[in-house]
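The structure under discussion appears below in the form of structure tokens.
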Amino acid sequence: MALKNRKFYNYKLNTTESKESQPIYVEQYLLTAGGHRKIIVLDTKVIDENFNIGDNFSVNYEQNKRNWTLTELLNYIPTEAGSKFYIIIENLLHNLYCVSYLDIKMGKRQHGDDCSEEKRINMIRKCKMSSSFALGYRICGCIKYDINKNYVHTDKYLCRKFTIYETEYFLSNFFGEIPYTNIVKSQLKILISKLYKIITHLKEDPTMRLYSSSLFIYKYYIFDLESGQKFLQLDAKIIDFEHSTNIHFLDKVKYYEPDAGYIFGLKSIIKCLSHHSNL
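For the sequence shown, the residue numbers in my numbering are 1 to 279.
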């Protein structure tokens with residue numbers, strides 16, 4: 001990331017290694033593809049996402065140096081601010097190079113069963129105004145690595161205005177110029193196969209609902225030091241499970257049929273990518 005996108009803090013944290021407070025420098029991660037919560041990074045492998053939007057910061061720990069117990073981790077709560085709730089999440093891209101990533105909100109429905117009536121109405125309105133209702137997904141944000149070694153950010157507010165055609169065009173062009181090269185086509189074939197597997201899993205557990213979750217698609221390069229060549233790789237993960245549920249949860253609302261809206265969205269993505277890949 002460019003230095004202009006970095007903001008550093010000096011927090012005094014209590015650690016189990018020493019009884020004295022020690023300053024630890026953490027970095028605010030500003031170039032996220034989507035979302036609205038503040039992200040803090042201590043190292044590149046583990047990042048923190050604020051659980052409470054009103055919090056001024058959250059704190060991280062260095063997972064790659066040792067294994068931490070829950071008791072030890074609790075000692076990292078900032079002494080000046082008292083107790084804060086935060087979620088520790090893995091940075092999926094910590095060891096990848098030249099990464100581009102796409103945040104896609106999946107399904108025709110974006111609200112969980114636990115939301116207020118006001119939010120439910122608002123989320124339904126947003127889905128009908130975006131491609132969520134017509135395609136079963138909408139682009140929520142994108143970070144794209146360009147040839148000048150910079151990152152181009154497309155935020156969720158611009159993506160929300162996309163028409164159906166613009167949504168499919170944006171998705172297709174994320175992987176490269178059309179017509180795709182044979183390398184891109186071969187990687188898309190693997191990616192599409194993975195999306196079909198997700199559909200299979202959703203059908204195998206018809207009680208599962210992944211409301212407001214995202215399909216996180218990313219591409220990166222593996223470099224061969226001997227030949228100097230780079231090889232394109234594509235992958236996808238489902239992220240953001242805050243409003244997810246299934247029959248084993250204690251939620252009052254239960255489901256017994258597969259999530260048709262989510263599956264419809266996955267099939268729409270597969271159809272779009274298959275069309276341009278001739279698969």
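We treat Cβ as the ideally placed atom computed from N, Cα and C, and that holds for glycine.
- Just so you know, the alpha carbons of Val-253 and Pro-206 end up roughly 14 Å apart.
- Residue environment analysis places Glu-117 among the exposed positions, since fewer than 16 neighbouring C-beta atoms fall within 10 angstroms of its C-beta.
- Annotated three-state conformation of Tyr-165 is helix, per DSSP.
- Assigned with DSSP and collapsed to three states, Val-184 falls in helix.
- Around the beta carbon of Met-129, a 10 Å sphere encloses fewer than 16 other beta carbons of the protein chains shown; the residue is thus reported as exposed.
- Counting every other CB atom within 10 Å of its CB across the protein chains shown gives Leu-210 a total of 16 or more, marking it as buried.
- The Cβ atoms of Phe-216 and Tyr-145 do not sit closer than 8 Å to each other.
- In the DSSP secondary-structure assignment, Asp-251 is not bridged to any residue.
- Short of 7 Å from the beta carbon of Ile-183, and not among the five residues preceding or following it, lie these beta carbons of its own chain, in chain order: Leu-232.
- Taking each of His-275, Ala-260 and Ile-89 in turn and checking the Cα distance to His-201, the smallest one comes out for Ala-260.
- In this structure, the straight-line span from the alpha carbon of Glu-242 to that of Cys-115 is close to 11 Å.
- Membership of Leu-266 in the alpha helix (DSSP H) is indicated by the continuous run 260–277.
- Taking a 10 Å sphere around the C-beta of Ser-268, we find 16 or more other C-beta atoms and assign the residue as buried.
- With contacts defined as CB atoms closer than 8 Å, Leu-135 and Leu-188 fail to qualify as a contacting pair.
- Within 10 angstroms of the beta-carbon of Glu-226 lie fewer than 16 other beta-carbons, which makes it exposed.
- Shown here, Cys-140 sits in a strand according to DSSP, grouped into three states.
- If you check the CB distance, Phe-175 and Lys-105 do not come in under 8 Å.
- Residue pairing by DSSP places Arg-209 opposite Thr-245 in a beta bridge.
- Per DSSP, Tyr-256 lies in no beta strand (DSSP E) segment and is marked neither H nor E.
- A Cβ-Cβ contact shorter than 8 Å links Ser-212 with Asp-240.
- Annotated as distal: Thr-167 and Ile-124, with beta-carbon spacing of 8 Å or more.
- Taking 8 Å as the cut-off, the beta carbon of Lys-108 is found closer than this to the beta carbon of Phe-264.
- With a contact defined as Cβ atoms closer than 8 Å, Tyr-180 and His-276 qualify at about 6 Å.
- The beta carbons of Asp-113 and Asp-224 sit about 49 Å from each other, so the pair does not count as a contact at 8 Å.
- Judged by beta-carbon spacing, Lys-185 lies beyond the 8 Å limit of Leu-92, meaning their Cβ atoms are not closer than that value.
- With at least 16 other beta carbons inside 10 angstroms of its own, Tyr-262 counts as buried.
- When the Cα atoms are used, Asp-155 and His-111 turn out to be separated by approximately 20 Å.
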